[in-house]
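Oh and the sequence shown: position 170 is 178 in the numbering used here, straight run, nothing missing. Yeah, the Cβ is synthetic: ideal placement off N, Cα and C, and Gly gets one too. Note sheet for the following structure.
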Amino acid sequence: MSFTHAQAVYSIASSSEYRSADISGMRVVCDRGVLYFGREYSVPESFELKIGAQQIIPESGFEVKSEIIAHCGKKNESFNILYFNYDSICGSISLTSRKPGDKIRLCGRGCTKSLKDLFSEAKLSRMERETTPVLRDERGVIAVYGFGVAERCIARPGDKVIRVTINKTKLTGDN
Numbered sequence: 009m010s011f012t013h014a015q016a017v018y019s020i021a022s023s024s025e026y027r028s029a030d031i032s033g034m035r036v037v038c039d040r041g042v043l044y045f046g047r048e049y050s051v052p053e054s055f056e057l058k059i060g061a062q063q064i065i066p067e068s069g070f071e072v073k074s075e076i077i078a079h080c081g082k083k084n085e086s087f088n089i090l091y092f093n094y095d096s097i098c099g100s101i102s103l104t105s106r107k108p109g110d111k112i113r114l115c116g117r118g119c120t121k122s123l124k125d126l127f128s129e130a131k132l133s134r135m136e137r138e139t140t141p142v143l144r145d146e147r148g149v150i151a152v153y154g155f156g157v158a159e160r161c162i163a164r165p166g167d168k169v170i171r172v173t174i175n176k177t178k179l180t181g182d183n
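Structure representation (structure tokens):
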């Protein structure tokens, strides 16, 4: 790397704003004080969850497994294993990135919040905001990875449920 390139990286790292530059064919991004070297992240495509299957989302590095459980004995205790009341799901479930205007009423919070506010309060970087999995049915957002399940879809013990497990792949690290 030349001195000029090193100065460009230093300039990016010194800023408190989101900044990026292409240096010697490599994308360098500074987001919330963290430097990322390599290609710019890509926003995951929207895809329909296949119940009973395991799916990989290479764009964001997540692995998703879903199944139907006849009688749920557990309640939501984890932010990566999500239980949905089967009867509360409208149509099919799809996994997407956030969309403008998305809102969720998380179970136990007592208020509806926009994903923009939710992610901002959690101090997620721009990349994390764009690549965090959002599950939705035909009525709207039903869960956000790392945050929880919507109040309208919460499963209770004894309910028929859809269990969705979302894990980071080896490329992105552990949960």
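Cβ pair residue i, residue j closer than 9 Å
i    : j    : result
Y94  : V169 : yes
R144 : I101 : yes
L123 : I112 : yes
I76  : I59  : yes
I97  : I20  : no
R35  : Y44  : yes
R106 : R137 : yes
G148 : D110 : yes
Q63  : F55  : yes
Sequence-distant residues of its chain with Cβ nearer than 7 Å to residue i (five each side left out)
i    : result
I174 : F70, V72, N88, P141, Y153
A16  : A29, I31
Status (buried if at least 16 other CB within 10 Å, exposed otherwise) for residue i
i    : result
L114 : buried
V37  : buried
D39  : buried
S24  : exposed
S128 : exposed
S74  : buried
Cβ neighbours of residue i in the same chain (closer than 6 Å, five flanking residues each side left out)
i    : result
D167 : C80, N93
E159 : R113, C115
G99  : D145, E146
Distance between residue j and residue i (C-alpha atoms, nearest Å)
i    : j    : result
A78  : C119 : 30 Å
T177 : T139 : 13 Å
I162 : L90  : 9 Å
R190 : L57  : An answer regarding residue 190 cannot be provided, because it is not within the stretch 9 to 183 covered by the chain.
V42  : S22  : 10 Å
L126 : G46  : 28 Å
S86  : S10  : 47 Å
CB contact check: residue i to chain B, cutoff 9 Å
i    : result
A158 : The chain inventory of the structure shown lacks chain B, comprising one protein chain alone.
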